[in-house]
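Its first residue numbered 113, the sequence shown is counted upward by one per residue in our numbering.
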Amino acid sequence: MNFYVLTLFTQMIDDCLGHSIIGRARKEKIINVSTVDIRDFSNDKHRHVDDYPYGGGAGMVMKPQPVYDAYKSLGLNGGERVIYMTPQGRPFSQKIAQELSEEENIVILCGHYEGIDERVIEEIVTDEISMGDFVLTGGELAAMAVIDAVSRLVPGVLGKEESFLDESFSNGLLEYPQYTRPPEFMGRNVPEVLLSGDHGRVDRWRHEQALIRTLNKRPDIFEKLSLSEKDSAYVKNYLDRPGTDTNS
Ligand SMILES: C[S@@+](CC[C@H](N)C(=O)[O-])C[C@H]1O[C@@H](n2cnc3c(N)ncnc32)[C@H](O)[C@@H]1O
113 MNFYVLTLFT QMIDDCLGHS IIGRARKEKI INVSTVDIRD FSNDKHRHVD
163 DYPYGGGAGM VMKPQPVYDA YKSLGLNGGE RVIYMTPQGR PFSQKIAQEL
213 SEEENIVILC GHYEGIDERV IEEIVTDEIS MGDFVLTGGE LAAMAVIDAV
263 SRLVPGVLGK EESFLDESFS NGLLEYPQYT RPPEFMGRNV PEVLLSGDHG
313 RVDRWRHEQA LIRTLNKRPD IFEKLSLSEK DSAYVKNYLD RPGTDTNS
């Protein structure tokens, strides 16, 4: 899978995506992340890429021509997704990450200053994605979050020991709590069931924990679940006697 990032700060992307699982996947060429410096396409002798907004107001706006030429320099065929990172876009989610992980080429456009001239957005962008209802100084951190979340769903990126199958949002639930050695830490014990070696019990316990976590931490997600009879009964019992479910 190929990511092409159009940005004024290529170094940010190159520095941050060279480590850990994503760094390894890049080395093994399972994913490629290329950066294009929009400033290289400025046709102004001072390499300016921004200008004052028509109509007045604070800040500067990225000019359309360098952005368009940076995109054209990729030489893609035009059928690919071109994502503009913007607080005005669809909130990013695991579902969108899953959908994007099936693409071969993804172009990500990072804005800066007050944003980008609307005309080039209309011309080249297919999707607008937001990291959330807050405003960042630039699209780079948002682009990296998208690249990271999408890449780890690409076959071969996660090693055998790292799996996304039970993870939060993969089955509609938040993930169950995780524990590792030692069995006791500051007076807190690992739930007995996890030491039992009984895989059936462990699976059931994890599933119940995931239900309760989702109920408590993300009631908005919980509300949309359609629960089996067994799960409904479990949750009802928990709500009648909260705190009795957990570490058994
Ligand atoms: C300061 S912001 C511009 C915000 C714009 N004036 C507005 O109010 O919608 C500069 C750039 O940061 C990026 N950015 C800011 N917040 C973001 C968010 N929540 N999600 C994704 N990208 C964001 C976008 O690429 C944007 O063009």
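Beta carbons: idealized from backbone N, C-alpha and C, even for Gly. In this text, all values refer to a predicted model and were calculated from it rather than measured experimentally.
Short of 6 Å in beta carbon distance, which residues of its chain neighbour residue i, apart from the five on each side in sequence? Order them along the chain.
{"i": "Pro-295", "result": "Val-302"}
{"i": "Val-247", "result": "Pro-199"}
Beta-carbon separation of residue i and residue j under 8 Å?
{"i": "Arg-193", "j": "Leu-212", "result": "yes"}
{"i": "Gly-244", "j": "Pro-203", "result": "yes"}
{"i": "Gln-206", "j": "Ser-263", "result": "no"}
{"i": "Tyr-364", "j": "Ser-146", "result": "In the structure as shown, the chain begins at 113 and stops at 360. Residue 364 is therefore absent and cannot be evaluated."}
{"i": "Ala-254", "j": "Ala-209", "result": "no"}
{"i": "Gly-201", "j": "Ile-142", "result": "no"}
{"i": "Tyr-164", "j": "Val-232", "result": "no"}
{"i": "Val-258", "j": "Tyr-225", "result": "no"}
{"i": "Val-269", "j": "Ile-133", "result": "yes"}
{"i": "Leu-337", "j": "Gly-299", "result": "no"}
{"i": "Ser-185", "j": "Val-161", "result": "no"}
What's the call for residue i, buried or exposed, on a 16-neighbour Cβ count within 10 Å?
{"i": "Arg-138", "result": "buried"}
{"i": "Thr-249", "result": "exposed"}
{"i": "Met-113", "result": "buried"}
{"i": "Met-197", "result": "buried"}
{"i": "Gly-223", "result": "buried"}
{"i": "Asp-229", "result": "buried"}
{"i": "Arg-293", "result": "exposed"}
{"i": "Pro-354", "result": "exposed"}
{"i": "Asp-352", "result": "exposed"}
{"i": "Thr-238", "result": "exposed"}
{"i": "Leu-118", "result": "buried"}
{"i": "Lys-175", "result": "buried"}
{"i": "Phe-297", "result": "exposed"}
{"i": "Leu-120", "result": "buried"}
{"i": "Pro-178", "result": "buried"}
First and last residue of the alpha helix (DSSP H) that includes residue i?
{"i": "Asp-127", "result": "122-128"}
{"i": "Val-247", "result": "Val-247 -> no alpha helix (DSSP H), and no H or E assigned at all."}
{"i": "Asp-352", "result": "341-352"}
{"i": "Lys-329", "result": "311-329"}
The beta strand (DSSP E) that contains residue i, what's its start and end?
{"i": "Tyr-116", "result": "114-119"}
Short of 7 Å in beta carbon distance, which residues of its chain neighbour residue i, apart from the five on each side in sequence? Order them along the chain.
{"i": "Pro-289", "result": "Gln-321"}
{"i": "Met-124", "result": "Glu-252"}
{"i": "Lys-348", "result": "none"}
Give me, in chain order, the residues of the same chain whose beta-carbon lies closer than 8 Å to that of residue i; leave out the 5 immediate sequence neighbours on both sides.
{"i": "Leu-188", "result": "Tyr-116, Asn-217, Val-219"}
{"i": "Trp-317", "result": "Tyr-288, Pro-303, Val-305, Leu-306, Ser-360"}
{"i": "His-131", "result": "none"}
What ranges does the alpha helix (DSSP H) occupy inside the segment 182-239, keeping only unbroken runs of at least 4 residues that lie completely in it?
206-212, 230-236
What are the start and end residues of each continuous beta strand (DSSP E) run of 3 or more residues lying completely inside the segment 126-158, in chain order?
144-149
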